[in-house]
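J.: In the working numbering, the protein residues as written are 12 to 208. Heads up, the beta-carbon is just placed ideally off N, CA and C, and yes, glycines get one too. Pasting a structure here, questions to come.
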Ligand SMILES: Cc1cc2nc3c(=O)[nH]c(=O)nc-3n(C[C@H](O)[C@H](O)[C@H](O)COP(=O)(O)O)c2cc1C
């Protein structure tokens with residue numbers, strides 16, 4: 012009897028070590044200016060583990076909202092890819108969560124820089140987004156286009172701040188708890204779907 016219990020305990024320990032091992036191959040890469048997308052990134056990390064990797068630029072964007080909107084519009088028009096200060100060893104990961112705020116109803120240029128600078132073949136890509144009420148725009152579609160050799164799963168999108176109106180970090184307190192529930196629901200749906208494949 013004692014032996015049987017010991018065997019079960021060891022088996023469960025092996026499973027949990029294995030699960031943690033898998034989680035070590037997960038990165039949560041995100042761009043966040045006013046920290047809403049960062050709050051979602053941290054909620055995801057609390058559920059699945061993995062490394063949090065904030066994307067930083069070699070030349071930061073202007074603080075002023077109107078100035079950044081104008082700069083981003085120009086970068087999108089000219090297809091300029093702003094150089095990143097952040098570097099990472101992408102080979103160390105199998106699963107990449109990629110978080111971004113909607114900028115000009117599409118992917119922010121630094122996310123395009125990231126996706127174009129690494130070989131993401133055979134990686135599982137899981138996008139997530141915050142916005143000011145207008146949705147993700149073409150962000151998820153652009154990720155699929157920029158990662159043709161990856162497996163891109165269903166993204167998560169939630170309303171964050173409205174910097175235009177002086178509303179910055181809102182995913183905190185009660186709102187953070189609400190978002191946590193939405194994140195949990197989305198992650199469990201992804202898991203079920205992955206097992207179905
Ligand atoms: C340059 C810029 C452009 C934006 N464009 C949009 C937009 O087109 N649609 C939208 O819903 N929100 C837009 N937003 C608002 C952000 O998507 C929203 O505040 C988001 O939650 C910010 O995430 P963060 O706190 O992680 O930076 C824009 C914000 C910035 C700074």
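Hey, is residue 104 close to ligand 1, as in C-beta under 7 Å from one of its heavy atoms?
T.: Taking the chain shown and counting its residues from 1, one reaches residue 104 at position 93. No, since every heavy atom of ligand 1 falls outside the 7 Å radius drawn around the Cβ of residue 104.
J.: In terms of alpha-carbon separation, which member of 173, 45 and 118 lies closest to residue 154?
T.: Translated into the one-based positions of the chain shown, residue 154 becomes position 143. Cα-wise, what sits closest to residue 154 is 118.
J.: Using the DSSP secondary-structure output, state which residues sit across from residue 162 in a beta bridge.
T.: Your numbering for residue 162 matches position 151 in the chain shown. In DSSP, residue 162 forms a bridge with 135.
J.: From which residue to which residue does the beta strand (DSSP E) around residue 168 run?
T.: Position 157 of the chain shown, counting from 1, holds the residue named residue 168. Run containing residue 168: 167–170, per the beta strand (DSSP E) assignment.
J.: What would DSSP say about residue 173, mapped onto helix, strand or coil?
T.: Taking the chain shown and counting its residues from 1, one reaches residue 173 at position 162. Of the three classes helix, strand and coil, the one that applies to residue 173 here is strand, per DSSP.
J.: DSSP has residue 197 in a bridge; who is on the other side?
T.: Mapped onto the chain shown, residue 197 falls at position 186. Note: residue 197 sits in no beta bridge, so no partner.
J.: With a threshold of 7 Å (Cβ to nearest heavy atom), would residue 116 be considered close to ligand 1?
T.: In the chain shown, residue 116 corresponds to position 105, counting from 1. Result yes, Cβ under 7 Å from ligand 1.
J.: If you compare alpha carbons, which of 201, 41 and 181 is closest to residue 99?
T.: Position 88 of the chain shown holds residue 99. Looking at the Cα atoms, 41 is the closest of the given residues.
J.: Within 10 angstroms of its Cβ, does residue 43 collect 16 or more other Cβ (buried), or is it exposed?
T.: Along the chain shown, read from residue 1 onward, the residue named residue 43 stands at position 32. Classification for residue 43: buried.
J.: Cutting at 7 Å between CB atoms, please list the residues of its own chain near residue 191, excluding the five before and the five after it.
T.: Stepping through the chain shown from its first residue, residue 191 is reached at position 180. Here the set comprises 54.
J.: Could you tell me how far apart the beta carbons of residue 141 and residue 112 are, in whole angstroms, since I believe they sit closer than 8 Å?
T.: Looking up residue 141 in the chain shown gives position 130. Looking up residue 112 in the chain shown gives position 101. Yes, they are in contact, since the Cβ atoms of residue 141 and residue 112 sit about 5 Å apart, within 8 Å.
J.: According to DSSP, is residue 203 helix, strand or coil?
T.: Walking along the chain shown from the start, residue 203 turns up at place 192. Three-state DSSP puts residue 203 in a helix.
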